[in-house]
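Q: Attaching a single structure in structure tokens format; questions to follow.
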């Protein structure tokens with residue numbers, strides 16, 4: 045399939061058309077997804093709307109090689125998980141699609157990365173191999189082309205110095221970090237930042253007590269002296285990200301959509317405003333699976349934006365972007 049169509053979507057009708065084409069492609073080429081669809085009697089002849097799409101449980105990425113492409117994978121992204129937990133693997137046969145997805149999404153929501161100095165506080169991701177987040181942020185840092193852009197592992201003193209210098213010079217700055225590291229940093233130093241966006245990617249990684257997003261943002265706003273905390277919603281199993289400019293309300297790029305399933309009946313979709321399980325349509329996942337039922341709880345609003353409210357009970361704690369209630 046021509047993946048360029050994915051990134052040229054402008055209308056709901058185009059989204060539906062491309063989505064159904066990708067569903068048909070993945071039904072034909074992905075034996076695992078086809079078996080799943082057949083179990084529910086779903087196929088390209090009767091799946092004619094978004095509401096009738098079958099969404100595979102995200103746990104499939106832990107036990108199966110989810111591919112809708114005969115090419116050999118160029119790389120494998122893996123989840124962080126927790127000690128002793130089974131991690132997810134996302135086999136990527138064309139990494140250029142991932143680059144296209146995150147670059148277009150970042151430019152749509154934040155503009156050209158060359159307009160920023162990009163600082164990254166992602167210690168738990170840097171300490172392992174296979175992080176899709178590190179791949180993305182490393183590329184954005186390169187595109188920022190600012191001499192002070194870069195990763196900070198545990199060097200809080202250096203990060204504090206750079207932030208103070210950038211603030212003093214009026215430089216537009218983005219600090220992206222995992223929640224526990226941003227909290228540790230904000231508790232050690234006090235800031236009053238006017239030119240810096242603070243973006244959390246979620247996750248305590250077992251380093252700190254889980255917190256609801258409102259509490260996390262309250263503490264981060266106080267520590268950094270900013271009016272809002274931005275957020276990124278992404279995961280190993282997705283090649284697209286949604287972003288929030290504050291208050292935990294996320295917006296998707298044009299090739300990504302959130303639907304909410306009934307917690308008692310996974311095949312029934314909830315209306316807008318009603319809490320349920322988050323299903324993701326990520327058309328950038330053209331070569332794996334674009335239709336994923338996550339273990340996140342949330343709700344969708346009339347304009348297509350959404351809120352993440354927590355996780356299903358008894359689901360494993362996956363180390364990405366979630367704060368359980």
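Numbering (our numbering), first residue to last: 45 to 369. Beta carbons: idealized from backbone N, C-alpha and C, even for Gly.
Would you report the Cα separation of residue 206 and residue 241, rounded to the nearest angstrom?
A: Rounded to whole angstroms, residue 206 to residue 241 spans 14 Å at the Cα level.
Q: Could you check if residue 356 is buried or exposed, using at least 16 other CB atoms within 10 Å of its CB as the buried criterion?
A: With fewer than 16 Cβ atoms within 10 Å of its Cβ, residue 356 is classed as exposed.
Q: So, for residue 143: in the same chain, excluding its five sequence neighbours on each side, which residues have a beta-carbon less than 8 Å away from its beta-carbon?
A: These residues qualify, in order along the chain: 183.
Q: On the CB-based measure, 16 or more other CB atoms within 10 Å of its CB, does residue 89 come out buried or exposed?
A: So residue 89 counts as exposed.
Q: If you draw a straight line from the C-alpha of residue 375 to the C-alpha of residue 326, how long is it?
A: There is no way to answer for residue 375, as the model of the chain reaches only from 45 to 369.
Q: Between residue 336 and residue 99, which are expected to be in contact by the criterion C-beta below 8 Å, what is the C-beta distance as a whole number of angstroms?
A: Their Cβ separation, rounded to whole angstroms, is 6 Å, which keeps residue 336 and residue 99 in contact under 8 Å.
Q: Is it the case that the segment 207 to 220 contacts the segment 163 to 178, given that we only count it when at least three CB pairs across the two stretches are under 8 Å?
A: The answer is yes - the segment 207 to 220 touches the segment 163 to 178, with three or more Cβ pairs under 8 Å.
Q: Would you call residue 29 buried or exposed, if buried means 16 or more other Cβ atoms sit within 10 Å of its Cβ?
A: This structure does not reach residue 29, given that the chain is present from 45 up to 369, and the question cannot be answered.
Q: Express the C-alpha separation of residue 352 and residue 175 in angstroms, rounding to a whole number.
A: Taking the straight line joining both Cα atoms gives about 22 Å.
Q: Helix, strand or coil for residue 98, going by three-state DSSP, please let me know.
A: Coil, per DSSP.
Q: Alpha carbon to alpha carbon, how far is residue 258 from residue 141? Give it in angstroms, no decimals.
A: For residue 141 and residue 258, the distance between alpha carbons rounds to 33 Å.
Q: Nearest CA to the CA of residue 187: which residue from 201, 202, 155?
A: Residue 187 has its Cα closest to that of 155, out of 201, 202, 155.
Q: Work out the CA separation of residue 59 and residue 349 for me, nearest whole Å.
A: So the two alpha carbons sit approximately 16 Å from each other.
Q: Just the C-alpha distance for residue 345 and residue 287, rounded to the nearest angstrom, thanks.
A: Distance between the alpha carbons of residue 345 and residue 287: 15 Å.
Q: Buried or exposed for residue 199, going by 16 or more other Cβ atoms inside 10 Å?
A: It counts as exposed.
Q: Determine the direct distance from the alpha carbon of residue 157 to that of residue 150, and round the result to whole angstroms.
A: When rounded, the distance between both Cα atoms is 8 Å.
Q: Starting from the Cα of residue 211, find the closest Cα among 298, 302, 72, 268 and give me that residue.
A: Taking only the C-alpha atoms, the option nearest residue 211 is 268.
Q: Which first and last residues belong to the beta strand (DSSP E) in which residue 70 is found?
A: Looking at the DSSP string, residue 70 is not in any beta strand (DSSP E); the run it does join, the alpha helix (DSSP H), is 56 to 73.
Q: To the nearest angstrom, how far is the alpha carbon of residue 115 from that of residue 70?
A: Looking at the two C-alpha atoms, the distance is approximately 14 Å.
Q: Which whole-angstrom value describes the C-beta separation of residue 110 and residue 84, a residue pair presumed to lie in contact below a C-beta threshold of 8 Å?
A: That belief does not hold up - the Cβ atoms of residue 110 and residue 84 are roughly 17 Å apart, past 8 Å.
Q: Within 10 angstroms of its Cβ, does residue 244 collect 16 or more other Cβ (buried), or is it exposed?
A: Buried is the call here.
Q: Output the distance between the C-alpha atoms of residue 92 and residue 273, rounded to the nearest integer angstrom.
A: Taking the straight line from one Cα to the other gives about 39 Å.
Q: Nearest to residue 79 by CA position, among 290, 108, 275, 231, is which residue?
A: When each option's Cα is compared against that of residue 79, the closest is 108.
Q: Where do the ends of the beta strand (DSSP E) carrying residue 44 lie?
A: Here the chain comprises residues numbered 45 to 369, so residue 44 is not present and cannot be evaluated.
Q: Report the three-state DSSP secondary structure of residue 234 (helix, strand or coil).
A: DSSP places residue 234 in coil when its eight states are reduced to three.
Q: Would you report the Cα separation of residue 312 and residue 305, rounded to the nearest angstrom?
A: Cα-Cα distance, rounded: 6 Å.
Q: Look up residue 48 in the DSSP assignment and say whether it is helix, strand or coil.
A: Three-state DSSP puts residue 48 in a helix.
Q: Cβ of residue 322 within 8 Å of Cβ of residue 342?
A: Result yes, Cβ atoms of residue 322 and residue 342 sit closer than 8 Å.
Q: With DSSP as the reference, please indicate the residues paired to residue 242 in a beta bridge.
A: In the DSSP output, where bridge partners are listed per residue, residue 242 has 219.
Q: Under a three-way DSSP split, which group does residue 202 fall into?
A: In the structure shown, residue 202 sits in a helix (DSSP, three-state: H, G or I).
Q: With a threshold of 16 other CB atoms inside 10 Å of the CB of residue 246, please say whether the residue is buried or exposed.
A: Residue 246 is buried by the Cβ-count criterion.
Q: What do you get for residue 297, buried or exposed, if any count of 16 or more other CB atoms within 10 angstroms of its CB means buried?
A: Its Cβ being crowded by 16 or more others within 10 Å, residue 297 is buried.
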